[in-house]
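Chains as they are written, first to last, in our numbering: chain A, 29 to 373; chain B, 29 to 373.
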């Protein structure tokens, strides 16, 4: 698929026009477009512009209600339950993480469990949001069944992306990972190129581990990270999200990606700066920054497998890539980009 | 190593006598012994009785101060920071999870970050504690460097066990997993038996993935779960624990297991029953129990790889094994069991 680079502002405004055509209005339209554009800007190409056509399809088929806003339905002073009313998943998730951040800044700790929402697109978005607001955060979502439990051949788990984010002045540390070794988007890309995966990504029809992405697409037997361990973690994330939100669990969701609506998510934020000595709050921040720098330096200092290529920390590449994409233009797939103005027009 | 079965009460009282000889007193001695005994009872043989000799060595070498009690050093109404004063790790962790549970029962959500503590032995202990108290919990610990980051050959990460636990009347769901595919204890057991690991567990000296446990023990290159993903998650867990606790990070800890002291941990508890409709609180509990049952049933219903052996959920075997070990006697290694009375006597 041929690519071109477009200025970020142009990408954002084209998405803004498209979002307005979908029926979003005002600040909600602007935010929705910005989140899609920033995802592509940050190099998560599967969940930015390239994901927009599916988002538009789900507005068209009624799974995403563009007029619906998330609503607090209950809670204590620090743990709230919200209903997403099947509105746009990225707007719902953004609102709930913002709320968790506000609760954490007031209390040290705050959480929002969200039910009845839609795909949040790039999960890392909400980690970056928290880290840039100066707090630590953990969030996750459940998904439709797309991953067999360890020991089974048919999907019963979701790949349930998990995000952990830490604030750091020199650049946040943000982990954004699904519970399958590779996403179905990545498998599709390798299959299309006929390229072997860099590590086994699932089972073929004969039940053998394979690096053949097309064989895994055919068997639908993606590999959980850490085999039985990721299988267990995926189950726990689903169970926590659905129980805390009072929402739907993976097994209750449609297996059709275009009908995957009503999912459950959980957002937790922590603000340890509230533990600082009131006489010298700056000391706490300095110590935390030094600690994080030292941890990251220790990872960089490990002997690399490939000389000159030190191990990286989660999110390390994002700021470089962001800067490059802002400077050179954001890479977009020509076909998706050229089709964008005709979506919903 | 030959084994025998001893009645649980006999195991607990032998451990109690040994703990008293170490200098613990009163309820602290009884609790410390009970936690070691229950770990063996539940089938986590590496971290119960078999771990006790190393615990005693660390009391002897001064790394574990049996007289030290954990202390709250700061906090908000829901996020507290405690100092373990290098006391017994299982007592410190037990106290901090109990505190997080109390905070959650009052506020819906509560967390304790603990610094300056020691190895907590079986991490699942604190998950079971929370689940049996009727709340959801997440906790983790950092460890000494024992895992190379993805892309490196020397340890810079810990294997940082992570626990998630959910309450359920029919039996809690408890995940207790380290960030390496196999623990060094498991590797040692396979190496001793000359048996191949059931999946690649690390790299040999040539840098090839291997199922040869002895080769991994020699290279010290265990495999993070999910390759780059578990590597990233391990880093985040260390970073969160150390920053939230204001404590030491993995890279600051000794690589000598007998000097691994001053570690950092994090305990989070959640009580969604506070979100119940006050007019009918029982309905919330019933719906939650039904939801969990349905999630677990969906995992059991997935087509098994081996006919008649359905996929299992985390902790599923524990209650069976516990019942069996209480009925038949708890399996112990004869040599460790016979040596126990001479430790510190």
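Using N, Cα and C, we set each Cβ at its ideal position, and we do this for glycine too. If you're wondering where the values come from, they're calculated on a predicted model, not measured in any experiment.
Do residue j and residue i count as a contact pair if the criterion is CB distance below 9 Å?
i	j	result
residue 226(B)	residue 251(B)	no
residue 266(A)	residue 152(A)	no
residue 43(A)	residue 368(A)	yes
residue 207(B)	residue 258(B)	yes
residue 97(A)	residue 131(A)	no
residue 148(B)	residue 269(B)	no
residue 290(B)	residue 145(B)	yes
residue 128(B)	residue 117(B)	no
residue 62(A)	residue 356(A)	no
residue 125(B)	residue 260(A)	no
residue 245(A)	residue 273(A)	no
residue 141(A)	residue 164(A)	no
residue 301(A)	residue 279(B)	no
residue 323(B)	residue 80(B)	no
residue 159(B)	residue 100(B)	no
residue 224(B)	residue 239(B)	yes
residue 192(A)	residue 342(A)	yes
residue 293(A)	residue 121(A)	yes
So is residue i in contact with chain A if we call contact Cβ pairs under 9 Å?
i	result
residue 216(B)	no
residue 113(B)	no
residue 158(B)	no
residue 150(B)	no
residue 280(B)	yes
residue 258(B)	yes
residue 127(B)	no
residue 171(B)	no
residue 334(B)	yes
Bridge partners of residue i, per DSSP?
i	result
residue 167(B)	191(B), 295(B)
residue 83(B)	Beta-bridge pairing links residue 83(B) to no other residue.
residue 99(A)	111(A)
residue 238(B)	230(B)
residue 289(A)	146(A)
residue 34(B)	358(B)
residue 259(A)	Note: residue 259(A) sits in no beta bridge, so no partner.
residue 252(B)	208(B)
Quick check: is the beta carbon of residue i nearer than 9 Å to any beta carbon in chain B?
i	result
residue 56(A)	no
residue 220(A)	no
residue 163(A)	no
residue 331(A)	yes
residue 299(A)	yes
residue 135(A)	yes
residue 322(A)	yes
residue 105(A)	yes
residue 211(A)	no
residue 110(A)	no
residue 360(A)	no
residue 232(A)	no
residue 291(A)	no
residue 244(A)	no
residue 312(A)	yes
residue 315(A)	yes
residue 307(A)	no
residue 341(A)	yes
residue 274(A)	yes
residue 268(A)	yes
Could you round the C-beta distance between residue i and residue j to whole angstroms and report it? I think they count as a contact, below 8 Å.
i	j	result
residue 330(B)	residue 180(A)	4 Å
residue 75(B)	residue 143(B)	In fact, because the Cβ distance is near 22 Å, the residues do not count as touching under 8 Å.
residue 119(A)	residue 77(A)	Rounded, the Cβ-Cβ distance is 17 Å, inconsistent with contact.
residue 321(B)	residue 198(B)	7 Å
residue 186(A)	residue 175(A)	6 Å
residue 154(A)	residue 36(A)	About 20 Å separates the two Cβ atoms, so there is no contact after all.
residue 263(B)	residue 136(B)	Their Cβ separation, rounded to whole angstroms, is 29 Å, which puts residue 263(B) and residue 136(B) out of contact at 8 Å.
residue 50(A)	residue 84(A)	6 Å
For residue i and residue j, what's the separation of their Cα atoms in angstroms?
i	j	result
residue 114(B)	residue 237(B)	37 Å
residue 285(B)	residue 56(A)	54 Å
residue 172(B)	residue 308(B)	48 Å
residue 256(A)	residue 182(A)	15 Å
residue 92(B)	residue 241(A)	50 Å
residue 305(B)	residue 102(A)	9 Å
residue 310(B)	residue 201(B)	21 Å
residue 58(A)	residue 52(A)	9 Å
residue 359(B)	residue 210(B)	22 Å
residue 253(A)	residue 45(B)	43 Å
Say the cut is 8 Å; is the CB of residue i nearer than that to a heavy atom of the ligand FAD?
i	result
residue 47(B)	Among the components modelled here there is no ligand, and therefore nothing to report on the ligand FAD.
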